[in-house]
Structure formats: C-alpha cells, structure tokens
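Residue numbers (mature numbering (1 follows the signal peptide of the UniProt record, and there is no 0)): -17 to -1, 1 to 85.
Virtual Cβ for every residue (Gly too), placed ideally from N, Cα, C.
If you're wondering where the values come from, they're calculated on a predicted model, not measured in any experiment.
I have placed the structure first, in the form of structure tokens, so that the comments after it can refer back to it.
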C-alpha cells in the first residue's frame, strides 16, 4: 500500500510541477532556446546563447530546450541566466502562433 501511495504522490506532484512550469513558460515565450548541432543554444531570433557557469544546468548534460529570464553578455559569449528545462511540445501547445513544428 505504501508504494501505491508514494507512486500517486509522485505523479500528483509531477503533474502540479508541469502546470507551474507551463505557466512560467507562458510568460517567457520569446526567451525559449534550443540546443543546435554545434552545441550552442539558439534563440527564436537565431542568437547564439550559452548556459551560464553559475547555473546548476551548466555541469549537467545539456537539455534540448530551455527558457531563460535574462542574459549576461561578456566579451565573447552571451549567457542565459535563470533557466528552466522545457519540452518542445509545450511551446507548440502554449504558443502555436509563435512556434511551428519544423
């Protein structure tokens, strides 16, 4: 019984987190970026972006899609700050007028 309760709790929390994450994304649609083949993130406008070394995502396997709230430019790179990992499908669901399937 305990494992059933833990499983239900896990899925309940995960579902709530997904809704919160989609809510955050809806306010930052233009700040989504995808990982390109050259290991650099590209914004919707094609700008080259990198994960900030201050981010907890910096030392992990780079996620395919992220949304950010701000950028910090140094001499040679532009770093995304305050990142959240997102799913590509969320962009198509939340902002079909802004993003299209490619």
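In chain order, what residues of the same chain have a beta carbon less than 6 Å from the beta carbon of residue -12, not counting five sequence neighbours either side?
Note that residue -12 scores 48 on pLDDT, short of 50, meaning its location in the model is unreliable; the coordinates nonetheless yield the value given after this. Here the set comprises nothing.
According to the Cβ coordinates, are residue 37 and residue 51 closer than 8 Å?
no
For residue 62 and residue 49, which I take to be in contact (beta-carbon distance under 8 Å), what is that distance rounded to the nearest angstrom?
Not confirmed; about 12 Å, so no contact.
Coil, strand or helix - residue 81 by DSSP:
coil
Terminal residues of the continuous beta strand (DSSP E) containing residue 49?
48 to 56
How many Å lie between residue 34 and residue 68 at the Cα?
11 Å
In this structure, how does DSSP classify residue 74 when only helix, strand and coil are distinguished?
helix
Where residue 30 falls, given that 16 or more other Cβ within 10 Å makes a residue buried
exposed
Quick check: residue 27 and residue 13, are their CB atoms within less than 8 Å of each other?
yes
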